[in-house]
Amino acid sequence: MTRIIQIRKPHPKGQLKRLWQNREAVQALVGRQFKSRFEKPMVGLSWMLLQPIILAGLFAIFFGALVRVPSGNLPYPAFVFVGIALWQGVQRALSESANVFESAAPMLRQTSLPRLAPVLANVIGASIDVMLALIVAVFAGLLFGTTIGLSLFLAPVFLLLALIATIGLAAALGGLCGAWRDLRQTIALGLQILMFASPVIYPSSLIPEQYRVLYALNPYAGVIEGLRFTLLGGPMPDPLYLLISASSAFAVFIIGIWLFLSLEGRAADAL
Amino acid sequence: MPCNDAVIEVVELGKTFLLGNLGGGRPLYQKLGGEPAKVRHALADINFKLTKGEALGVMGRNGSGKSTLLKVLAGIVDPTSGTAILRGRIGALLEIGSGAHPDLSGWENMRMAARLLGVPKLKRQAYYDKVAQFCELGSKLAEPTRWYSSGQFARLGFAMAAMAPTDILLIDEALAAGDMRFQLKCFDFFYRAKAEGRSFVFVSHALPVLRDLCEKGLVLHEGKALYTGSVEEAINCYESNTAGN
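Chains L and D supply the protein sequences, listed in that same order.
Residue numbers for the first sequence follow our numbering, so the first one is 2 and each next one is one higher.
Residue numbers for the second sequence follow our numbering, so the first one is 21 and each next one is one higher.
What follows is the structure, given as structure tokens:
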């Protein structure tokens, strides 16, 4: 129980151990966040499903029916629903985490909880939304005539990759925007760019072959293609590109955590 | 290991803040030849030791670094030099209400606090009972804390921090709110907790209180220690320093 307080160097192993010891605190944070989102409800929990349904419907009309974005052998509404379901969660986790040193300040000022805990809570909270929305996406797909097969059991692998990449990105943004608050101005723009760099509303087969390796460096490229493959019976993604996306997810995770641990001291000075 | 009975050992602890928008100005401009970041020394070269069951009173004028010292000890802000070794579980009560969430009820805040402060599962019920008994808020505990008076809010916060199983408790001006009766209750708690071997660091301007509760004293002035030693001497030093200025 001895704690030594001195100049902090990034010490990922110790920090992750402390996070694990404080897992119940993370759980409590997720619960509190969830509760405060649905406090004083007008519609309540249905928002979690209504939002992706409405957005997917909108995209289905504009990009599916009007622009006729190709979606391979999949009906476009189901195709885009999977993309939207994941993207809404990613967007929420990242924009909340960029703000973490402000939104979690009351708690970080009172307890010596690892400062990564609220970041992790943001991502876990958002992944609950994603999971629910994806379940709806599967049923929506069946409605539009997609099939599900044994590949369904591979879906958790892709969800896990999404989780790993998102934790890394959320940590990076939390550290950077905590240390230099003006960076928060760029979050909305950055998220838009990232969305267009991911196959959310279009298939990655639209990307010219010579850029596909570069494109696969975006972890969400592999994740979304993989989810369409497993949840809707879409085409099997190229294993090479999947491998690139998966490695990139782990790289993003490691770099993000390292960035957060190197910058958290600077950010905490404002607490 | 020398001095193993020390629960807190602070050696040459220092903290500097980068001025200029807290991030230390604009690092990109500085790299391109702008002015270097300015720093402020909030704490410099602080040394003290505290043993089991002892209390340290930290005094000093506004802005002398008292709260920064507690924040560093609590692990909320990282020091920029030196070391502090704390043996045991650390609790902190650094602002009134200790982070109670205004939308949650008293009970919900307690449940939250139990998890944040790491109260073991089996001891949770006992913790809730003790907190409820100590803060004496009764049926008010079912209401969101935003409906509490500031005194009631302070009582809940104090009880949540004090009843957690900690060995070292860091308290910043804890008794400022709360009525007379509650203050007496807090005193009683401090004496009993010290007898049980818990240690305290108090930051306060209430010198008679510090004289009663503490064995040791630390006087801070502009981030430096003017005096470290017995509480009597510390109070004399602080009083003459204040009179001198």
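C-beta atoms are modelled at their ideal positions from N, C-alpha and C, and glycine is treated no differently.
Keep in mind the model is a prediction, meaning the values are calculated, not measured.
Would you mind working out which of the options sits nearest residue i, comparing C-alpha positions?
{"i": "D/Val97", "options": "D/Glu128, D/Ile116, D/Leu63, D/Ser169", "result": "D/Leu63"}
{"i": "D/Ala263", "options": "D/Gly34, D/Ala179, D/Gly80", "result": "D/Gly80"}
{"i": "D/Ala134", "options": "D/Pro122, D/Ser260, D/Gly83, D/Gly111", "result": "D/Gly111"}
{"i": "D/Pro99", "options": "D/Gln172, D/Asp65, D/Phe173, D/Ala120", "result": "D/Asp65"}
{"i": "L/Ser72", "options": "L/Ser37, L/Ala94, L/Gly227, L/Pro204", "result": "L/Pro204"}
{"i": "D/Leu233", "options": "D/Phe68, D/Val78, D/His61, D/Ser118", "result": "D/Val78"}
{"i": "L/Val201", "options": "L/Leu184, L/Gly227, L/Gln211", "result": "L/Gly227"}
{"i": "L/Leu198", "options": "L/Asp183, L/Ser263, L/Asn219", "result": "Leu is not the amino acid found at residue 198 of chain L; the sequence shown has Ala there. Cα-wise, what sits closest to L/Ala198 is L/Asn219."}
{"i": "D/Ser118", "options": "D/Leu189, D/Arg144, D/Lys160, D/Lys86", "result": "D/Leu189"}
{"i": "L/Pro13", "options": "L/Met237, L/Ile129, L/Leu117, L/Glu97", "result": "L/Leu117"}
{"i": "L/Leu195", "options": "L/Gly84, L/Met132, L/Val68", "result": "L/Gly84"}
{"i": "L/Phe35", "options": "D/His61, D/Asp123, D/Lys35", "result": "D/Asp123"}
{"i": "D/Trp127", "options": "D/Leu113, D/Thr186, D/Val151, D/Glu115", "result": "D/Val151"}
{"i": "D/Ile191", "options": "D/Gly108, D/Leu114, D/Asp149, D/Val31", "result": "D/Leu114"}
{"i": "L/Thr167", "options": "L/Trp48, L/Leu260, L/Leu67, L/Ala250", "result": "L/Ala250"}
{"i": "D/Met200", "options": "D/Tyr258, D/His61, D/Gln172, D/Lys141", "result": "D/Gln172"}
Would you kindly report the start and end of the unbroken beta strand (DSSP E) that includes residue i?
{"i": "D/Phe220", "result": "219-223"}
{"i": "L/Ile168", "result": "Here L/Ile168 belongs to no beta strand (DSSP E); instead the alpha helix (DSSP H) covers 156-180."}
{"i": "L/Pro145", "result": "A small fix is needed here, since residue 145 of chain L is Phe in this sequence, not Pro. Looking at the DSSP string, L/Phe145 is not in any beta strand (DSSP E), and its letter there is neither H nor E."}
{"i": "D/Gly237", "result": "236-241"}
{"i": "D/Gly73", "result": "Here D/Gly73 belongs to no beta strand (DSSP E), and DSSP marks it neither H nor E."}
{"i": "D/Lys244", "result": "244-250"}
Where does the unbroken alpha helix (DSSP H) through residue i begin, and where does it stop?
{"i": "D/Gly177", "result": "170-182"}
{"i": "D/Thr88", "result": "86-93"}
{"i": "L/Ile85", "result": "77-99"}
{"i": "D/Asn129", "result": "126-136"}
{"i": "L/Trp106", "result": "Reading off the sequence shown, one finds Ala at residue 106 of chain L, where the question assumed Trp. Element bounds for L/Ala106: 106-109."}
{"i": "L/Gly15", "result": "13-22"}
Taking CB distances under 7 angstroms as the criterion, tell me whether residue i reaches chain D.
{"i": "L/Ser37", "result": "yes"}
{"i": "L/Arg4", "result": "yes"}
{"i": "L/Lys18", "result": "no"}
{"i": "L/Ile26", "result": "The residue you asked about is not Ile; residue 26 of chain L is Ala in the sequence shown. Yes - at least one Cβ of chain D is within 7 angstroms of the one on L/Ala26."}
{"i": "L/Glu210", "result": "no"}
{"i": "L/Gln89", "result": "no"}
{"i": "L/Gln34", "result": "no"}
{"i": "L/Arg213", "result": "no"}
{"i": "L/Arg229", "result": "no"}
Does chain L have any CB closer than 7 angstroms to the CB of residue i?
{"i": "D/Asp123", "result": "yes"}
{"i": "D/Met183", "result": "no"}
{"i": "D/Ser118", "result": "yes"}
{"i": "D/Gly43", "result": "Low confidence applies here, because D/Gly43 scores a pLDDT of 47, under 50, leaving its location unreliable and the question unanswered by this model."}
{"i": "D/Lys143", "result": "no"}
{"i": "D/Met130", "result": "no"}
{"i": "D/Arg166", "result": "no"}
{"i": "D/Arg135", "result": "yes"}
{"i": "D/Arg175", "result": "no"}
{"i": "D/Phe68", "result": "no"}
{"i": "D/Phe37", "result": "yes"}
{"i": "D/Arg60", "result": "no"}
Exercise for the section: Would you list, in chain order, the members of the region 75-105 of chain D that have their beta-carbon closer than 9 angstroms to a beta-carbon of chain A? Expected result: Reference to chain A is not applicable here, since the protein chains of this structure are L and D.
Exercise for the section: Can you check the region 183-245 of chain L for any alpha helix (DSSP H) of at least 4 residues that lies completely inside it and give the ranges in chain order? Expected result: 188-197, 213-217, 220-233
Problem - Cβ-based contacts, 8 angstroms cut-off: residues of the region 97-117 of chain L near chain D - result: Pro107, Met108, Leu109, Arg110, Gln111, Thr112, Ser113, Leu114
Handout entry: Completely contained alpha helix (DSSP H) runs for the region 33-73 of chain L, where each covers 4 or more residues
Key = If we require 4 residues or more, the alpha helix (DSSP H) runs fully inside the region 33-73 of chain L come out as 48-60.
Handout entry: Residues, ordered as in the chain, of the region 196-227 of chain D that lie near chain L by beta-carbon distance below 8 angstroms
Key = none
Problem - Interface residues of the region 253-272 of chain L facing chain D [CB-CB below 7 angstroms] - result: Gly266, Arg267, Ala269, Asp270, Ala271, Leu272
Problem - Interface positions of the region 171-192 of chain L facing chain D (Cβ-Cβ less than 8 angstroms), listed along the chain - result: Answer in chain order: Ala180, Trp181, Arg182.
Exercise for the section: Can you give me, in chain order, the residues of the region 122-149 of chain L that have a beta carbon less than 9 angstroms from any beta carbon in chain D? Expected result: none
Practice task
Could you run through the region 39-62 of chain L and flag, in chain order, every residue whose CB is less than 7 angstroms away from some CB of chain D?
Solution key: Glu40
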